[in-house]
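Working notes, beginning with the structure itself.
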Amino acid sequence: MREKTNIRVRVPQVRSVEDAIRLYYEKNELSNSDIKMLFDVHSSATIAKLKNLARERMAAENVPVWDARNINTKTAYLVWGLQIEDLEHRLKKLKELQSMTA
Numbered sequence: 000m001r002e003k004t005n006i007r008v009r010v011p012q013v014r015s016v017e018d019a020i021r022l023y024y025e026k027n028e029l030s031n032s033d034i035k036m037l038f039d040v041h042s043s044a045t046i047a048k049l050k051n052l053a054r055e056r057m058a059a060e061n062v063p064v065w066d067a068r069n070i071n072t073k074t075a076y077l078v079w080g081l082q083i084e085d086l087e088h089r090l091k092k093l094k095e096l097q098s099m100t101a
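Residue numbers for the sequence shown, in numbering that gives the first Met the number 0: 0 to 101.
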């Protein structure tokens, strides 16, 4: 029998690897519009659930909150399973493939 897991939020796939990397380095904190662009989600409930996951980790690790409406980018990527090194590797590969077909 399979063990049940408690999945509270299904993290969507990123819409664009390039945008995900740009957001990581460009924004210290993510807003609702950043999350909408990152995942191409439009549900306020999904955005709130994603933000709550990050907020829980931020509280546990005493990450400073600069704007109560936003979440720390580095913490959010961590809890959402987005590894910046992996995203950078994927973008590099995509660009290599594009140059081979051009």
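Ideal placement from N, C-alpha and C gives every residue a C-beta, glycine not left out.
Does the separation of the CB atoms of residue i and residue j fall below 7 angstroms?
i	j	result
LEU103	LEU37	A question about residue 103 goes unanswered here, because the residues of the chain that appear run from 0 up to 101.
LEU93	ALA19	no
GLU17	LEU77	no
Give the straight-line distance between the Cα atoms of residue i and residue j, rounded to the nearest whole angstrom.
i	j	result
ALA75	GLU95	29 angstroms
VAL10	LEU81	10 angstroms
ASN61	THR100	47 angstroms
ALA44	SER15	22 angstroms
Let me check understanding here. Comparing Cα to Cα, which of the options lies closest to residue i?
i	options	result
ASN31	ARG56, ALA67 and VAL16	ALA67
LYS50	ARG7, VAL16, SER98 and GLN97	ARG7
GLN12	ILE83, SER42, TRP79 and LYS48	TRP79
Among the residues of its own chain, which have a CB less than 8 angstroms from the CB of residue i, if the five just before and after it don't count?
i	result
ILE70	GLU28, LEU29, LYS50, ALA53, ARG54 and MET57
TRP65	ASN27 and GLU28
ILE46	ASN31, ILE34, LYS35 and VAL40
VAL72	Val is not the amino acid found at residue 72; the sequence shown has Thr there. Counting only Cβ-Cβ distances below 8 angstroms, and skipping sequence neighbours, we find LEU22, TYR23, LYS26, ASN27, GLU28 and LEU29.
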